[in-house]
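Novice: These protein sequence lines map, in sequence, to chains A and B. According to the working numbering, the first sequence is numbered sequentially starting from 1. According to the working numbering, the second sequence is numbered sequentially starting from 1. Positions of the beta carbon are idealized from the N, C-alpha and C atoms, including for glycine. All values derive from a computational prediction rather than experimental measurement. My structure is below; once you've seen it, I'll send some questions.
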Amino acid sequence: MTSPRQLPLTIEEAQAALRAGDVTSSELTEAALARVAELDERVGAFLEVNAAAHEQAARADAELAAGTDRGPLHGIPFGLKDILATRDQPTTANSLVLDPAWGAGTDSVVTERIRESGAVIMGKLVLSEFAIGAPDANKPFPIPRNPWDLNRSPAGSSSGTGIAVATGMVLGGIGTDTGGSVRGPAAANGHTGLKVTFGRVPKWGVTPLGYSLDSVGPMARSAWDCAAILNVIAGHDPRDADAADEPTDDYLAGIEHGVEGLRVGLPRPYFFDHPELDTGARDAVEAVADQLASLGAVVSEVELPHSDIAKDANTLTMLSEALTYHRPDMGSERWSEYGSSTRMTIGRAALFSAADYVQAQRFRSWYARRAAQLMTEVDVLLTPTSPGIAPVSSEMTDPARRIRQPSYTGPFNLLGYPALALPAGFSPEGLPYSAQVVGAPFAEGLLLSAGHAYQQVTDWHRCVPPIVEQEG
Amino acid sequence: MPQPYDADLTVRALLEAAGIPASEDETAKFVEMYPALRSGADALYADEWRYEEPALRFTPLRPEPRS
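Here you go:
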């Protein structure tokens with residue numbers, strides 16, 4: 001029997017141990033469930049544990065023993081943000097408002113693909129309500145807490161997936177990202193997360209936030225693990241009108257590509273000189289640039305103009321698209337059934353005009369052309385993922401703070417570009433810093449191989465929150 | 001150049017038009033954040049992309065062929 005302390009840290013290690021006969025999926029699952037039992041009351045990652053997890057693990061063990069190998073996720077404890085429909089568990093979107101009939105008896109495309117991979121679905125994970133806003137203690141849902149400091153936010157909206165990966169309750173999971181909801185929690189919780197190119201992963205069966213921005217992506221400890229997950233979930237599906245009919249790569253086959261000659265651009269204005277940017281977070285990313293240069297990358301300074309406006313354009317687009325979905329409920333007595341932060345955030349869209357929305361799309365065209373031009377000069381951009389360490393939870397509800405702060409993630413949702421959040425060190429308080437590597441559309445393979453190269457010479461991604469160590 | 005406006009009056013009218021039943025306390029918060037939101041939206045109207053086409057998409061749908 002594998003104790004929680006002995007759980008492999010990564011999917012890469014666990015899948016190797018499974019095939020070497022050093023551990024079984026049932027043992028991995030049992031250990032992960034024990035960790036949920038020990039920690040979840042304090043960190044609030046799970047909405048519902050899947051009662052069928054043991055059965056799925058036993059099936060994976062039987063299949064592997066019989067020589068049926070579905071790939072690296074086979075038998076791996078895995079979590080799904082509770083915004084993805086699952087045929088055998090309710091989907092709530094962390095909200096009292098979502099109609100229980102929505103998604104009932106149905107799997108989202110990504111859920112289908114994760115099931116087919118043989119992963120053990122451990123349960124449905126906490127999120128910010130409908131993937132936006134901050135937790136509301138007056139609603140009957142767990143309050144997610146940062147495992148590195150329980151007084152701090154785990155970020156959102158894929159908070160549960162971020163916490164569960166960081167604490168080893170799951171070895172990998174799925175998040176969604178409309179303005180930074182994969183990368184923010186990956187950064188705050190100290191692991192890796194990939195926001196995919198818009199359309200790379202079908203979003204059918206996922207409750208929408210911003211129709212033209214939403215993406216579904218992998219969250220796991222390492223770039224290797226994210227590549228293994230992306231291999232499973234990427235690819236066209238006709239049920240999603242936005243799904244890209246572009247060939248997928250074998251993201252693990254190219255993972256050892258390295259960074260020799262990789263042209264890395266540091267967009268100085270806004271991303272490195274904003275007055276709200278924590279100097280520690282900035283220095284951590286500078287250190288990543290130095291490390292990549294030592295591995296053969298060619299680092300230069302570049303500019304992506306008007307990225308401050310891109311933040312506002314992304315927010316305006318996201319909120320306007322969200323309000324169209326929520327207006328029937330928000331414009332009714334159900335207004336107060338939404339969490340206070342959710343309704344105050346989505347409700348802001350009512351203060352914009354239809355012309356503002358179209359104008360944001362005109363800026364988007366301009367910004368996209370500037371970015372495409374820039375990406376002929378460099379292969380990737382390197383920026384901080386967040387402007388600082390995870391904030392104290394009580395500060396999360398201050399809208400003025402959100403408006404004042406820069407967003408280093410939202411501009412790349414506006415562009416539809418892929419972006420990888422990588423652990424990049426710790427603050428003096430012991431909280432994770434994160435670097436973001438951004439590529440041109442469908443350059444996920446390049447980002448993952450760059451991240452993997454960095455993680456071969458650093459071990460930030462392998463650091464575990466003290467709360468887990470104390471439990472051992 | 002945007003004209004001066006009464007934030008309280010504007011916000012109340014916009015929320016009402018959208019059918020959003022915000023409480024008085026919530027309305028006050030919307031009023032407080034409105035100038036920053038309006039300023040952000042106004043910054044989108046810059047000369048640099050004055051003649052840009054919007055990133056919108058529409059594909060006319062062909063009728064299903066009769067069987």
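#1: So with Cβ pairs under 8 Å, would you call I309/A a contact of chain C?
#2: Per DSSP, L96/A forms a beta bridge with which residues?
#3: According to DSSP, simplified to helix, strand and coil, what is G162/A?
#4: Any idea if T376/A is buried or exposed, counting beta-carbon neighbours within 10 angstroms, 16 or more meaning buried?
#5: Please report the distance separating the alpha-carbon of T385/A from that of P63/B.
#6: Can you pull the DSSP bridge partners for A220/A?
#7: For V457/A, count neighbouring Cβ atoms within 10 angstroms of its own Cβ and tell me buried if that reaches 16, exposed if not.
#8: Anyone know if the C-beta pair for F46/A and L125/A falls short of 8 Å?
#9: Determine the DSSP secondary structure at T345/A, reduced to helix, strand or coil.
#10: Do we get a CB-CB distance below 8 Å when we pair R348/A with the residues of chain B?
#11: Going by DSSP in three states, L73/A sits in which element: helix, strand or coil?
#12: Identify whether V11/B lies in helix, strand or coil by the three-state DSSP scheme.
#13: Quick check: is the beta carbon of L431/A nearer than 8 Å to any beta carbon in chain B?
#14: What residues in its chain sit with their C-beta under 7 Å from that of L316/A, if we drop five residues either side in the sequence?
#15: For Y412/A and chain B, any beta-carbon pair shorter than 8 Å?
#16: For F352/A and chain B, any beta-carbon pair shorter than 8 Å?
#17: Suppose you measure from the CA of M318/A to the CA of V23/A; what does that come to, to the nearest Å?
#18: Starting from the Cα of Y367/A, find the closest Cα among G339/A, D283/A and G416/A and give me that residue.
#19: Hey, is V380/A's beta-carbon within less than 8 Å of any beta-carbon in chain B?
#20: Verify the CB distance criterion: does S365/A have a CB-CB separation below 8 Å to chain B?
#21: Which same chain residues, not among the five before or five after A289/A, have their C-beta less than 7 Å away from its C-beta?
#22: Please go through the same chain and pick out, in chain order, the residues whose beta-carbon is closer than 6 Å to the beta-carbon of P65/B, but skip the five residues on each side of it.
#23: List, in chain order, every chain B residue whose beta-carbon is nearer than 9 Å to that of R200/A.
#24: Would you tell me roughly how many angstroms separate the C-alpha atoms of G258/A and Q455/A, rounded to the nearest one?
#25: Whose C-alpha, out of N146/A, T86/A, E469/A and Q291/A, is nearest the C-alpha of R42/A?
#26: Using only the alpha-carbon positions, how far apart do F30/B and P60/B sit?
#27: Give the DSSP bridge partners of Q359/A, in chain order.
#28: For Q436/A, which three-state DSSP category applies?
Specialist: In terms of the structure at hand:
#1: In summary, chain C is missing from the structure at hand, where the protein chains are A and B.
#2: Here residue 96/A corresponds to residue number 96 of the first sequence, with the count starting at 1. Looking at the DSSP assignment, L96/A forms no beta bridge with any residue, so it has no partner.
#3: For the purposes of this step, residue 162/A is taken as the residue at position 162 of the first sequence. It is helical.
#4: Sequence index remark: in the first sequence, residue 376/A carries index 376 (1-based). Counting Cβ neighbours within 10 Å, T376/A comes out exposed, since fewer than 16 surround it.
#5: Counting from 1 along the first sequence, the entry for residue 385/A is found at position 385. Counting from 1 along the second sequence, the entry for residue 63/B is found at position 63. About 46 Å.
#6: Counting from 1 along the first sequence, the entry for residue 220/A is found at position 220. Looking at the DSSP assignment, A220/A forms a beta bridge with G172/A and T192/A.
#7: Position 457 of the first sequence, counted from the start, is the residue given in the question as residue 457/A. It counts as exposed.
#8: For this step, residue 46/A is matched to residue 46 along the first sequence. For this step, residue 125/A is matched to residue 125 along the first sequence. Yes, these two residues count as a Cβ contact at 8 Å.
#9: Here residue 345/A refers to the residue found at position 345 of the first sequence. In this structure, T345/A counts as helix in the three-state DSSP scheme.
#10: Against the first sequence, residue 348/A aligns to sequence position 348. Output row for R348/A: interface = yes.
#11: Within the first sequence, numbered from 1, the residue matching residue 73/A stands at position 73. It is coil, neither helix nor strand.
#12: Start at 1 with the first residue of the second sequence, and residue 11/B comes out as number 11. If DSSP states are grouped into helix, strand and coil, V11/B belongs with the helices.
#13: Translated into the one-based positions of the first sequence, residue 431/A becomes position 431. It does not: the Cβ of L431/A has no partner Cβ on chain B nearer than 8 Å.
#14: In the first sequence, residue 316/A corresponds to position 316, counting from 1. F352, D356, Y357 and A360, listed in sequence order.
#15: Taking the first sequence and counting its residues from 1, one reaches residue 412/A at position 412. Per the sequence shown, residue 412/A should be read as Phe rather than Tyr. Closer than 8 Å: no.
#16: Numbered from 1 along the first sequence, position 352 holds the residue referred to as residue 352/A. With 8 Å as the cut-off, F352/A counts as an interface residue toward chain B.
#17: Taking the first sequence and counting its residues from 1, the one referred to as residue 318/A is at position 318. Taking the first sequence and counting its residues from 1, the one referred to as residue 23/A is at position 23. If I take the Cα positions, the gap works out to 44 Å.
#18: Here residue 367/A refers to the residue found at position 367 of the first sequence. Selected option, being the one with the closest Cα: G416/A.
#19: Counting from one through the first sequence, the residue named residue 380/A turns up at place 380. No, because no Cβ of chain B sits closer than 8 Å to the Cβ of V380/A.
#20: Taking the first sequence and counting its residues from 1, one reaches residue 365/A at position 365. So yes, S365/A belongs to the interface.
#21: Taking the first sequence and counting its residues from 1, the one referred to as residue 289/A is at position 289. For A289/A, where only same-chain residues beyond five positions count, the Cβ hits under 7 Å are V264, L266, V299 and L382.
#22: Here residue 65/B refers to the residue found at position 65 of the second sequence. Closer than 6 Å at Cβ, skipping near neighbours: no residue.
#23: Sequence index remark: in the first sequence, residue 200/A carries index 200 (1-based). Within chain B, no residue comes near R200/A; the closest Cβ sits about 17 Å away, beyond 9 Å.
#24: Your numbering for residue 258/A matches position 258 in the first sequence. Your numbering for residue 455/A matches position 455 in the first sequence. Going by the C-alpha atoms only, they are around 11 Å apart.
#25: Working through the first sequence from its first residue, we reach residue 42/A at position 42. R42/A has its Cα closest to that of N146/A, out of N146/A, T86/A, E469/A and Q291/A.
#26: One-based indexing of the second sequence puts residue 30/B at position 30. One-based indexing of the second sequence puts residue 60/B at position 60. Answer to the nearest angstrom: the Cα atoms are 39 Å apart.
#27: Start at 1 with the first residue of the first sequence, and residue 359/A comes out as number 359. For Q359/A, which the question treats as bridged, DSSP gives no partner whatsoever.
#28: For this step, residue 436/A is matched to residue 436 along the first sequence. It is a strand residue.
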